[in-house]
Amino acid sequence: MVSAKMYELGTKKSTIRTIFEFGRKRAAEVGEENIFDFSLGNPNVPTPDFVRDAAIEILKTYEPAQVHGYTVAPGNPNVRETLAKSINARFNTNYAGKNLFITSGAAAAITICFKALAEPGDEFITFAPYFPEYKVFVESVGATLKVVKPRPEDWQIDFDDFKKLLSDKTKAVIINSPNNPSGAVYSKETIAKLAEILKDFGREIFIIADEPYRELAYGVEVAWVPDFYKNTLVCYSYSKSFSLPGERIGYIVVPDEISAFDKIFGAIAGAARVLTHVNAPSLWQLVVAKCAGKSVDITPYEVNGKILYDGLIAAGFECVKPQGAFYLFPKALEADDYAFCERAKKYDLLLVPGADFGAPGYFRAAYCIKQETIERSLPLFKKLAEEYKTIRK
401 MVSAKMYELG TKKSTIRTIF EFGRKRAAEV GEENIFDFSL GNPNVPTPDF VRDAAIEILK
461 TYEPAQVHGY TVAPGNPNVR ETLAKSINAR FNTNYAGKNL FITSGAAAAI TICFKALAEP
521 GDEFITFAPY FPEYKVFVES VGATLKVVKP RPEDWQIDFD DFKKLLSDKT KAVIINSPNN
581 PSGAVYSKET IAKLAEILKD FGREIFIIAD EPYRELAYGV EVAWVPDFYK NTLVCYSYSK
641 SFSLPGERIG YIVVPDEISA FDKIFGAIAG AARVLTHVNA PSLWQLVVAK CAGKSVDITP
701 YEVNGKILYD GLIAAGFECV KPQGAFYLFP KALEADDYAF CERAKKYDLL LVPGADFGAP
761 GYFRAAYCIK QETIERSLPL FKKLAEEYKT IRK
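Under our numbering, the residue at position 342 of the sequence shown is numbered 742, and the numbers go up by one with no gaps.
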């Protein structure tokens with residue numbers, strides 16, 4: 401009657417969403433102020449005023465058909481030129497509008513790339529901990545996802561394990577930096593070594609750089625991956641940088657240097673077509689073009705991360721200090737991270753098990769919430785840690 405796989409995906413909610421919905425029900429019982437929900441990566445920094453002002457100006461002054469009508473599939477040509485110039489100014493590149501394909505957010509961007517590249521029997525490789533939807537997206541285009549084991553000491557890449565997974569079936573490697581869920585930023589040395597291994601492998605393999613958190617980096621540089629490896633597709637979203645997750649707007653950069661540019665760009669257009677991305681929202685294309693190059697204040701995220709990190713370390717948790725995004729990925733206080741997260745619910749601490757991200761024994765805490773909530777959660781984390789001390793005795 402229906403696709404069993406699609407029914408499973410549609411009715412089996414992600415762990416993150418299940419925890420979030422539990423939090424909504426629990427808040428109705430004990431009060432919103434008594435729930436410490438670290439489950440969902442929903443930006444809490446307000447959308448910048450310049451984004452609102454741009455949207456209002458466009459709605460008031462542009463012709464309605466320009467605002468609400470179709471654009472060509474790759475996106476409004478003027479928007480693509482404007483965004484290309486902004487990228488050039490930041491990364492000393494030489495892109496033009498033809499190098500950009502505007503998408504409905506980063507999820508659409510990476511899925512389009514998977515669909516554009518995938519052929520029967522292909523494998524994609526990513527690095528734990530990783531965004532769990534990668535598996536869903538890769539399998540949806542008929543390919544297989546291989547996962548390199550995590551390197552918990554710094555959440556960089558375990559290159560020995562990576563080399564074991566490389567094969568003649570490998571089509572692309574997916575990297576996410578700054579990383580969800582670890583908050584790690586891949587160093588230039590890491591990116592350079594990854595590029596060197598791929599260049600030496602002897603066959604064409606692509607890098608898909610998933611970068612929705614690019615602007616959220618704290619005192620470290622986020623490498624521009626095409627500088628290191630020509631066969632790179634960069635997927636970007638304004639969801640986090642402009643706090644616009646519900647508006648679904650982003651892009652794919654296809655550098656001129658990539659192998660068979662015309663074929664790759666054409667395949668991206670074809671993938672977008674069959675995935676029914678007719679065009680990204682016309683209004684939001686215009687808005688992000690008008691706001692191109694403007695910066696936002698990420699201080700609240702950096703402050704939140706420091707408060708939570710310092711508090712957890714003081715309570716006895718082990719954690720690598722985050723360099724970007726808005727997540728902490730500490731070690732759970734028992735080997736079974738699901739059991740740990742269930743026990744944390746006793747204190748109304750809502751956390752996501754690390755196994756969902758390919759790293760069992762850890763948990764994710766999204767600190768894109770009110771600073772006051774984080775501060776009030778710290779005594780509860782301490783009580784949770786003290787309970788485990790009692791258990792171990």
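Even for Gly, the Cβ is constructed at its ideal location relative to N, Cα and C.
PRO581 and PHE757: beta carbons closer than 8 Å? yes
If we ignore side chains and look at the alpha-carbon of each, how far apart do ILE652 and ILE769 end up? 29 Å
Excluding the five sequence neighbours on either side, which residues of its own chain have a C-beta within less than 7 Å of the C-beta of GLY761, listed in chain order? LYS731, ALA732, ALA735, ASP737, GLY754
For the segment 717 to 731 and the segment 600 to 620, state whether three or more C-beta atom pairs, one from each stretch, are separated by less than 8 Å. yes
Does the segment 410 to 425 touch the segment 668 to 682, meaning 3 or more C-beta pairs lie closer than 8 Å? no
Would DSSP call ILE591 helix, strand or coil? helix
Classify PRO700 as helix, strand or coil using the three-state DSSP reduction. helix
Return the chain-ordered list of same chain residues with a C-beta closer than 8 Å to the C-beta of LYS498, the five sequence neighbours on each side being excluded. ARG480, PHE665
Proximity to LYS485 [Cα-Cα], best of THR411, TYR470, THR570, GLY693: GLY693
If I'm right that ALA617 touches ILE591 with Cβ under 8 Å, what's the distance once you round it to whole angstroms? Not really, about 14 Å apart at Cβ, beyond 8 Å.
Residues bridged to GLY724 (per DSSP): ALA617
Under DSSP, the alpha helix (DSSP H) around SER486 begins and ends at which residues? 477 to 491
C-alpha distance - ALA509 paired with LYS663, whole-angstrom precision: 17 Å
Across the segment 736 to 751 and the segment 536 to 551, are there enough close Cβ pairs to call them in contact, namely three or more that are closer than 8 Å? no
Would you check if the distance between the CB atom of ILE798 and the CB atom of ASN631 is smaller than 8 Å? Because the chain spans 401 through 793 in this model, residue 798 falls outside it and cannot be assessed.
For THR632, the three-state DSSP class (helix, strand or coil): strand
CA-to-CA distance, SER567 to ASP522, given in whole angstroms: 10 Å
Residue of LEU459, LYS599, LEU712 minimising C-alpha distance to GLN685: LEU459
Give me the DSSP bridge partner(s) of LEU749. PHE436
For SER577, name the three-state secondary structure that DSSP assigns. coil
Contact check, ILE605 vs LEU594 under 8 Å by CB: the rounded distance? At roughly 10 Å, the Cβ-Cβ gap does not stay under 8 Å, so ILE605 and LEU594 are not in contact.
Pick from GLU647, TRP555, ASN444, PRO520: whose alpha carbon is nearest that of TYR530? TRP555
Taking buried to mean at least 16 other C-beta atoms within 10 Å of its own C-beta, is VAL621 buried or exposed? A quick correction: the sequence has Glu, not Val, at residue 621. GLU621 comes out exposed.
Quick check on DSSP: helix, strand or coil for GLU734? coil
When ALA507, LYS549, PRO700, VAL703 are compared against ILE525, the one with the closest alpha-carbon: LYS549
For ARG776, the three-state DSSP class (helix, strand or coil): helix
Any idea if SER641 is buried or exposed, counting beta-carbon neighbours within 10 angstroms, 16 or more meaning buried? buried
For PHE356, tell me which candidate among ASN579, PHE601, ALA714 has the shortest Cα-Cα distance. With the chain running from 401 to 793 in the structure shown, residue 356 is simply not present.
Going by C-alpha to C-alpha distance, which of PHE501, ALA672, PRO779 sits closest to CYS635? PHE501
Same chain, Cβ closer than 7 Å to VAL703, neighbours up to 5 away in sequence not counted: GLN771
Can you have a look at TYR407 and say buried or exposed, based on whether 16 or more other CB atoms are within 10 angstroms of its CB? exposed
Host beta strand (DSSP E) of TYR530 (start-end): That residue, TYR530, is in no beta strand (DSSP E); it is neither H nor E in DSSP.
Assign ASP437 to buried or exposed, taking buried as 16 or more other Cβ atoms, counted over all protein chains shown, within 10 Å of its Cβ. buried
Own chain partners of PHE717 with C-beta closer than 8 Å, once the 5 adjacent residues on each side are dropped: PRO730, LYS731, LEU733, PHE781, ALA785
Is it buried or exposed for ALA714, if we count other Cβ within 10 angstroms and need 16 for buried? exposed
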